[in-house]
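Undergrad: The structure is given below, and queries will be raised subsequently.
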Amino acid sequence: MEQPTLEKLICNESFINYCLQARLEDMEYWKQWVEANPQHRKVVEDAKGLVKLMQIGPSQAQITEERVRLQAFINKNGAPVHRLRNYRWIGYTAASLLLVSMGFLFLKRQLPIAENATQTELVSQQVPTGKYMNVLLSDSTKVKLGPTSTLRYPTHFNGDKRIVSLNGEGYFEVSHNIHKPFIIQTPDLEIKVLGTSFNVHAFENDELSKIALFTGKVEVSKGTKRLLLSPGQAIVYHKDKATFAVESFDLAKEKENMTGVLHFEKATFSEIAKQLNRKYGIIVQDRSDIELMYSGTIGHESLEMVLEKLSQTTDYRFSIESNTLIVRKK
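Heads up, the sequence shown is in this note's numbering, so the first residue is 4 and it goes up one at a time.
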């Protein structure tokens, strides 16, 4: 690809599909392209933000923010200040081009995702808070999705790969096909399997991703780095450090996680809060001032019982007000 610019990217249909996770082939291409061209990561992230902004529709605050960014773009690409009157049209042209591009994107986002992916007939399954969903793929692969998870997959697998994307948590039983590997794309990692069963925990806004293997073998990759897992092993990827760790895990506990039973081992408040949000749908505010380490199990109890358990075993009192988690020091 030639030198990427903001305008070129947000007008590129393949790039739009990548940003909106609307076509698996485009997602795979751009993910690999960004890994191979890290020097262009900044402009890609800026363009990705604009695409997503147009997808959801901007708030007034976002409009103001984009106006500031647009002015900065004009200032950067226009003539020097002392020649601005003579060449003001340069800035106007740049602004017009950007606005036309955004207008095109606005029209683009009005199309349903199914129309945007007719070549692969892409399906998107999103699980509500506190619920689980069973999905059977066309190759007989079985997937059990956890709360607030999203799985995107084609109605039929064409070509020499079976590609799906996951943002969230899922238990996979992949049907065996040595000639057509099964590939799961998560926000940070790529998982390649031939036929096996495993858990994937890979939410976009979580600090880490985890793949726990029950049977068979899987290959986990990040850019050019590749690791192989054997049964009973888990890979934990820490996003802030971009590091991998291979560890063993409790098979029974890992399977219970996909039935709504939560097992915590020295978990921070942030980890607990995210799980409670997904399981019970409560609102959790960011509280970096709360310092706790909790080890224990949360089964199928009511939210009130869970909060009472946390209050008894930590130095904090937990309660709910207007569906918001309230935490106070004892």
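Glycine included, each C-beta is placed from N, C-alpha and C at the ideal position.
Keep in mind that this is a model prediction, so the values were computed, not measured.
Report the residue from D49, I301, E324 and K244 whose alpha carbon sits nearest the alpha carbon of N260.
TA: Locating residue 260 in the sequence shown gives position 257, counting from the first residue. Answer by Cα proximity: I301.
Undergrad: Label M296 either buried or exposed according to how many other C-beta atoms from any shown protein chain fall within 10 Å of its C-beta, with 16 as the threshold for buried.
TA: As a first step, residue 296 must be located in the sequence shown, where it is residue number 293. That one is exposed.
Undergrad: Whole angstroms are fine: how far does the CA of G226 sit from the CA of S298?
TA: Looking up residue 298 in the sequence shown gives position 295. Looking up residue 226 in the sequence shown gives position 223. Roughly 34 Å separates the two Cα atoms.
Undergrad: On the DSSP bridge assignment, give the partners of E172 in chain order.
TA: Counting from one through the sequence shown, the residue named residue 172 turns up at place 169. Answer is H204.
Undergrad: Count the other C-beta atoms from every protein chain shown that fall within 10 angstroms of the C-beta of D29, then say buried if there are 16 or more, exposed otherwise.
TA: By one-based count along the sequence shown, residue 29 stands at place 26. By the 10 Å Cβ count, D29 comes out buried.
Undergrad: When you compare only the Cα positions, how much space is there between T8 and E31?
TA: On the sequence shown, position 5 is the one that residue 8 refers to. On the sequence shown, position 28 is the one that residue 31 refers to. About 20 Å.
Undergrad: So which of F175, D292 and F267 has the shortest CA-CA distance to N202?
TA: Within the sequence shown, numbered from 1, the residue matching residue 202 stands at position 199. Nearest C-alpha to N202: F175.
Undergrad: Buried or exposed: which applies to V249, given that a residue is buried once 16 or more other Cβ atoms fall within 10 Å of its Cβ?
TA: Translated into the one-based positions of the sequence shown, residue 249 becomes position 246. V249 comes out exposed.
Undergrad: Can you grab the Cα-Cα spacing for the pair Q288 / A270, in whole Å?
TA: Here residue 288 refers to the residue found at position 285 of the sequence shown. Here residue 270 refers to the residue found at position 267 of the sequence shown. Between Q288 and A270, the C-alpha separation is close to 17 Å.
Undergrad: Within 10 angstroms of its Cβ, does G149 collect 16 or more other Cβ (buried), or is it exposed?
TA: Within the sequence shown, numbered from 1, the residue matching residue 149 stands at position 146. Classification of G149: buried, given that the 10 Å Cβ count is 16 or more.
Undergrad: What's the gap between the Cα of L310 and the Cα of K183?
TA: The residue given as residue 310 occupies position 307 in the sequence shown. The residue given as residue 183 occupies position 180 in the sequence shown. Their Cα atoms are separated by approximately 47 Å.
Undergrad: DSSP has S212 in a bridge; who is on the other side?
TA: Looking up residue 212 in the sequence shown gives position 209. Answer is Y240.
Undergrad: Tell me, please, which residues DSSP counts as bridged to Q129.
TA: Start at 1 with the first residue of the sequence shown, and residue 129 comes out as number 126. Q129 pairs with T153.
Undergrad: How is the alpha helix (DSSP H) around N137 delimited, first residue to last?
TA: Position 134 of the sequence shown, counted from the first residue, corresponds to residue 137. It is not in any alpha helix (DSSP H) - N137 instead sits in the beta strand (DSSP E) that spans M136 to L139.
Undergrad: Along the chain, where does the beta strand (DSSP E) containing V223 start, and where does it finish?
TA: As a working note, residue 223 is residue 220 in the sequence shown. Looking at the DSSP string, the run of the beta strand (DSSP E) that includes V223 is V221 to K225.
Undergrad: Taking the straight line between their C-alpha atoms, what separation do you get for Y95 and E10?
TA: Start at 1 with the first residue of the sequence shown, and residue 95 comes out as number 92. Start at 1 with the first residue of the sequence shown, and residue 10 comes out as number 7. Because the pLDDT at Y95 is just 42, under 50, the model does not fix this residue reliably, and the value given afterwards should be weighed accordingly. Their Cα atoms are separated by approximately 14 Å.
Undergrad: Under 8 Å, with one C-beta from each stretch per pair, do the stretch 42-54 and the stretch 197-213 reach the 3-pair mark?
TA: no
Undergrad: Contact between the stretch 162-178 and the stretch 240-248: three or more CB pairs below 8 Å?
TA: no
Undergrad: Could you please give the first and the last residue of the uninterrupted alpha helix (DSSP H) stretch that includes Q42?
TA: One-based indexing of the sequence shown puts residue 42 at position 39. Taken as a continuous stretch (DSSP letters only), Q42 belongs to no alpha helix (DSSP H), as it is neither H nor E.
Undergrad: Looking at C-beta atoms only, is the number of pairs between the stretch 306-324 and the stretch 151-168 that lie closer than 8 Å three or more?
TA: At 8 Å Cβ cutoff, the stretches do not touch.
Undergrad: Excluding five sequence neighbours on each side, which residues of the same chain lie with their C-beta closer than 8 Å to the C-beta of K34?
TA: Looking up residue 34 in the sequence shown gives position 31. Annotation for K34: Y21, Q188 and E193 place their beta carbon closer than 8 Å to its own, counting only its chain and skipping 5 residues before and after.
Undergrad: Taking all protein chains shown into account, decide if K282 is buried (16 or more other Cβ within 10 angstroms of its Cβ) or exposed.
TA: For the purposes of this step, residue 282 is taken as residue 279 along the sequence shown, with counting starting at 1. Classification for K282: buried.
Undergrad: Taking the alpha-carbon positions, what's the T327 to A276 distance?
TA: Taking the sequence shown and counting its residues from 1, the one referred to as residue 327 is at position 324. Taking the sequence shown and counting its residues from 1, the one referred to as residue 276 is at position 273. Near 11 Å, if we compare the C-alpha coordinates of A276 and T327.
Undergrad: Exposed or buried, which one is P41 when buried takes at least 16 other CB atoms within 10 Å?
TA: What you label residue 41 is simply residue 38 of the sequence shown in a count that begins at 1. When all chains shown are included, P41 counts as exposed.
Undergrad: Cβ atoms of F252 and A215: under 8 Å apart, would you say?
TA: Along the sequence shown, read from residue 1 onward, the residue named residue 215 stands at position 212. Along the sequence shown, read from residue 1 onward, the residue named residue 252 stands at position 249. Their beta carbons are under 8 Å apart, which means A215 touches F252 by this criterion.
Undergrad: In angstroms with no decimal places, state the Cα-to-Cα distance between E16 and L197.
TA: Here residue 16 refers to the residue found at position 13 of the sequence shown. Here residue 197 refers to the residue found at position 194 of the sequence shown. Rounded to the nearest angstrom, the two C-alpha atoms are 31 Å apart.
Undergrad: Expressed to the nearest angstrom, what Euclidean distance is found between the alpha-carbon atoms of N280 and T132?
TA: Working through the sequence shown from its first residue, we reach residue 280 at position 277. Working through the sequence shown from its first residue, we reach residue 132 at position 129. Roughly 8 Å between the two C-alpha positions.
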